[in-house]
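**Student:** Numbered according to mature numbering (1 follows the signal peptide of the UniProt record, and there is no 0), the sequence shown spans residues -36 to -1, 1 to 410.
Every residue gets a Cβ at the ideal spot worked out from N, C-alpha and C, and that includes glycine.
Keep in mind that this is a model prediction, so the values were computed, not measured.
Take this structure first; my questions come after.
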Amino acid sequence: MPVTMPNLSRRNFGRLALASSAAALSGALGAGYARAATPKGEPIKVGILHSLSGTMAISETTLKDVMLMLIAEQNSKGGLLGRPLEAVVVDPASNWPLFAEKARQLLSVDKASAVFGCWTSVSRKSVLPVFEELNGILFYPVQYEGQECSRNIFYTGAAPNQQAIPAVDYLLSEAGGGAKRFALVGTDYIYPRTTNQILVNYLKSKGIADEDIMVNYTPFGQSDWQTIVSQLKAFGSGGKKTAVVSTINGDANVPFYKELGNQGISATDIPVMAFSVGEEELAGMDTKPLVGQLAAWNYFESIETPANTAFIKEWHAYTKQPKRTTNDPMEAHYIGFNMWVQAVTKAGTTDHDKVIDAMIGIRQPNLTGGIAEMLPDHHLTKPVFIGEIQDDGQFSVVWKTPALVPGQAWSPWVAQTKDLIGDWRKPIACGNYNTVTKTCLSRKHA
């Protein structure tokens, strides 16, 4: 269901942060990494599966770095189960088949107890069969299209009902401009295509006609946006308020936004709502022409809470780069890693089956105020924020959901999946359980 959408000024937004946010880093990040007892024994291997080269390196390199920070910090507290954590970093190089090879290496050769990795859905889909075959554990930190629920994956990024649907609700609202036409522009792979399938159905349910919906896809690494931006400009000149919903991924965002500026398209003319542009991507752009353009995430660096302030300070100290940004997938890794630490501690072992079972119900304070909880479908409870790009490359929050939103693995806006849920607790123990027929379609992900 659409959520109520109060407007928020930057001044009063911070007042909505829960007091629990101050505890988000308690015991997890400490000034100067205060040392506990030195961990001993055989290291517990933690796999880091992020592209450090190729088209996705612009987004994924920082996720490798934040994982190294979290692992170093955990070791400073005495490790896990009294043993040191050892990071095993691989570079799948934005090559989707290579992701599967590297995943198999991490699980079979390196014996990783957990893997934190992937950005694009095509990379996640590439490694999913490997994790199910070898019964590994993957923490996936990025917003995605849903329509999946694997026992071996914990989806710490947003499902469509935690990003895409609220973002469109905002654009449809008076506060968001009251858009009547929508251009859905994305990179040509499963995440944009499936997300847009959901959004087209949702927009139609809101009275948006077929002729007022434009859909366009481009390859990874698209560099020439002149023709496409001209088409968007023409589409927006039909007399109805038009908005762009962008699922463009990777370094293609840089020339896309540059071309918007070149053609004089401002946020007041045609607002662009991005799902894959955050602080890290903006750090490499001239943001002055982009002021007022929008993004939907579950975290922004600009949100002022004690927990977020402490996290940013620790990040700057660790990287020795006082201007280096933080972003949403970094927070997702922060939440996922600390949940995994809790689950291993609870289970008293790194045994995959026992840790997977222990994960459900684990609660972890997030960085923006509130508690993330791991749900039976391996998705989290999350807040949703809409931010406007500022000239300093940060976002000013203009709207948020009034409460945390539970992630939905299966979309109610797709006929084939509207009756499905994921629930990995016994006795159901199924990723795609039909609530009408009371049957499990598969004991795997789909």
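For MET178 and ILE267, what's the separation of their Cα atoms in angstroms?
**Tutor:** Position 214 of the sequence shown holds residue 178. Position 303 of the sequence shown holds residue 267. Taking the straight line from one Cα to the other gives about 33 Å.
**Student:** For GLY140, count neighbouring C-beta atoms within 10 Å of its own C-beta (all shown protein chains included) and say buried if the count is 16 or more, exposed if not.
**Tutor:** Taking the first residue of the sequence shown as position 1, residue 140 is located at position 176. Buried: at least 16 other Cβ atoms inside 10 Å.
**Student:** Report all residues from its chain with a CB closer than 8 Å to the CB of VAL251; omit the five preceding and five following residues, and keep chain order.
**Tutor:** The residue given as residue 251 occupies position 287 in the sequence shown. Looking at the sequence itself, residue 251 is Thr, so the reference to Val does not match. Contacts found: ILE353, GLN354, ASP355, ASP356 and GLY357.
**Student:** Pairs of beta-carbons, one from the region 186 to 196 and one from the region 114 to 124, closer than 8 Å: are there three or more?
**Tutor:** The region 186 to 196 is not in contact with the region 114 to 124.
**Student:** Do you know whose CA, among THR25, THR399 and ILE392, lies nearest THR381's CA?
**Tutor:** For the purposes of this step, residue 381 is taken as the residue at position 417 of the sequence shown. Comparing alpha carbon positions, the residue from THR25, THR399 and ILE392 closest to THR381 is THR399.
**Student:** Rounded to the nearest angstrom, what separates VAL378 and GLU109 at their Cα positions?
**Tutor:** Sequence index remark: in the sequence shown, residue 378 carries index 414 (1-based). Sequence index remark: in the sequence shown, residue 109 carries index 145 (1-based). Whole-angstrom Cα-Cα distance: 12 Å.
**Student:** Could you pull out every residue in the same chain whose Cβ sits closer than 7 Å to the Cβ of LEU70, ignoring the five residues on either side in sequence?
**Tutor:** Along the sequence shown, one-based indexing puts residue 70 at 106. Correct list, in chain order: GLY11, LEU13, VAL52, VAL54, ALA76 and VAL79.
**Student:** Would you be able to state if there are at least three C-beta pairs under 8 Å between the region 147 to 167 and the region 261 to 275?
**Tutor:** Output reads no: the region 147 to 167 does not touch the region 261 to 275.
**Student:** What beta strand (DSSP E) runs, 3 residues minimum, are completely inside the region 158 to 224?
**Tutor:** Inside the region 158 to 224, DSSP marks whole beta strand (DSSP E) runs of 3 or more residues at positions 177 to 182 and 206 to 211, from first to last along the chain.
**Student:** For GLY351, does the three-state DSSP call read helix, strand or coil?
**Tutor:** In the sequence shown, counting from the first residue as 1, residue 351 sits at position 387. Here GLY351 sits in strand by DSSP.
**Student:** Quick check: what's the CA-CA separation for ILE229 versus ALA274?
**Tutor:** What you label residue 229 is simply residue 265 of the sequence shown in a count that begins at 1. What you label residue 274 is simply residue 310 of the sequence shown in a count that begins at 1. The alpha-carbon atoms of ILE229 and ALA274 are separated by roughly 37 Å.
**Student:** Do you know offhand how far SER(-16)'s Cα is from ASP174's?
**Tutor:** In the sequence shown, counting from the first residue as 1, residue -16 sits at position 21. In the sequence shown, counting from the first residue as 1, residue 174 sits at position 210. Only weak support exists for where SER(-16) lies, its pLDDT of 38 falling under 50; the value from the coordinates is given anyway. So the alpha carbons of these two residues sit roughly 43 Å apart.
**Student:** So SER210 and GLY150 are supposed to be a Cβ contact under 8 Å. How far apart are they, rounded?
**Tutor:** Sequence index remark: in the sequence shown, residue 210 carries index 246 (1-based). Sequence index remark: in the sequence shown, residue 150 carries index 186 (1-based). Right, the Cβ-Cβ distance comes to about 7 Å (below 8 Å), so this counts as a contact.
**Student:** If you drop the 5 nearest sequence neighbours on each side, which residues of the same chain put their C-beta closer than 8 Å to that of GLY5?
**Tutor:** In the sequence shown, residue 5 corresponds to position 41, counting from 1. Excluding positions up to five away in sequence, the list reads GLY46, ARG47 and PRO48.
**Student:** Does the distance from the C-beta atom of PRO93 to that of GLY42 stay below 7 Å?
**Tutor:** For the purposes of this step, residue 93 is identified with residue 129 of the sequence shown, where counting begins at 1. For the purposes of this step, residue 42 is identified with residue 78 of the sequence shown, where counting begins at 1. Not a contact, by the Cβ cut-off of 7 Å.
**Student:** Tell me, please, whether the region 210 to 221 touches the region 17 to 32 by the rule of three or more beta-carbon pairs shorter than 8 Å.
**Tutor:** yes
**Student:** Would you kindly work out how many angstroms separate the C-alpha atoms of MET294 and VAL106, rounded to a whole number?
**Tutor:** In the sequence shown, the residue the question calls residue 294 occupies position 330. In the sequence shown, the residue the question calls residue 106 occupies position 142. Going by the C-alpha atoms only, they are around 9 Å apart.
**Student:** In the DSSP assignment, the alpha helix (DSSP H) including ASN272 goes from what residue to what residue?
**Tutor:** For the purposes of this step, residue 272 is identified with residue 308 of the sequence shown, where counting begins at 1. Unbroken alpha helix (DSSP H) run through ASN272: 270 to 283.
**Student:** Bridge partners of ASN226, per DSSP?
**Tutor:** Here residue 226 refers to the residue found at position 262 when the sequence shown is read from its first residue. BP columns for ASN226 are empty, so no partner.
**Student:** Taking 8 Å as the cut-off, does the region 385 to 392 touch the region 279 to 298 (at least 3 CB pairs, one atom from each stretch)?
**Tutor:** no
**Student:** Buried or exposed: where does THR232 fall if 16 or more other Cβ atoms within 10 Å of its Cβ makes it buried?
**Tutor:** The residue given as residue 232 occupies position 268 in the sequence shown. THR232 is exposed by the Cβ-count criterion.
**Student:** Given a threshold of 16 other Cβ atoms within 10 Å of its Cβ, counted over all protein chains shown, does LEU(-8) qualify as buried or as exposed?
**Tutor:** Counted from its first residue, the sequence shown places residue -8 at position 29. Note on LEU(-8): pLDDT 48, under 50, position unreliable in the model; the coordinate value appears next. With 16 or more Cβ atoms within 10 Å of its Cβ, LEU(-8) is classed as buried.
**Student:** DSSP three-state label for ILE35, please.
**Tutor:** To locate residue 35, count along the sequence shown from 1; it is residue 71. Here ILE35 sits in helix by DSSP.
**Student:** Just to confirm, is the Cβ distance from ALA147 to LEU196 under 7 Å?
**Tutor:** Here residue 147 refers to the residue found at position 183 of the sequence shown. Here residue 196 refers to the residue found at position 232 of the sequence shown. Yes, Cβ-Cβ distance for ALA147 and LEU196 is below 7 Å.
**Student:** DSSP three-state label for THR84, please.
**Tutor:** Along the sequence shown, read from residue 1 onward, the residue named residue 84 stands at position 120. Residue state, collapsed to three classes: coil.
**Student:** Going by DSSP in three states, VAL10 sits in which element: helix, strand or coil?
**Tutor:** The residue you call residue 10 lines up with position 46 of the sequence shown. VAL10 falls in the strand class under three-state DSSP.
**Student:** Does DSSP put LEU254 in a helix, a strand or coil?
**Tutor:** For this step, residue 254 is matched to residue 290 along the sequence shown. Reduced to three states, the DSSP call for LEU254 is helix.
**Student:** Could you have a look at TYR397 and say whether DSSP puts it in helix, strand or coil?
**Tutor:** Within the sequence shown, residue 397 is the residue found at index 433, counting from 1. Strand, per DSSP.
**Student:** Is the separation between the beta-carbon of LEU331 and that of GLY371 shorter than 7 Å?
**Tutor:** Within the sequence shown, the letter at position 367 stands for residue 331. Within the sequence shown, the letter at position 407 stands for residue 371. Contact flag unset, no.
**Student:** In whole angstroms, what separates the C-alpha of PRO366 from that of ALA131?
**Tutor:** Here the question's residue 366 lines up with position 402 in the sequence shown. Here the question's residue 131 lines up with position 167 in the sequence shown. When rounded, the distance between both Cα atoms is 14 Å.
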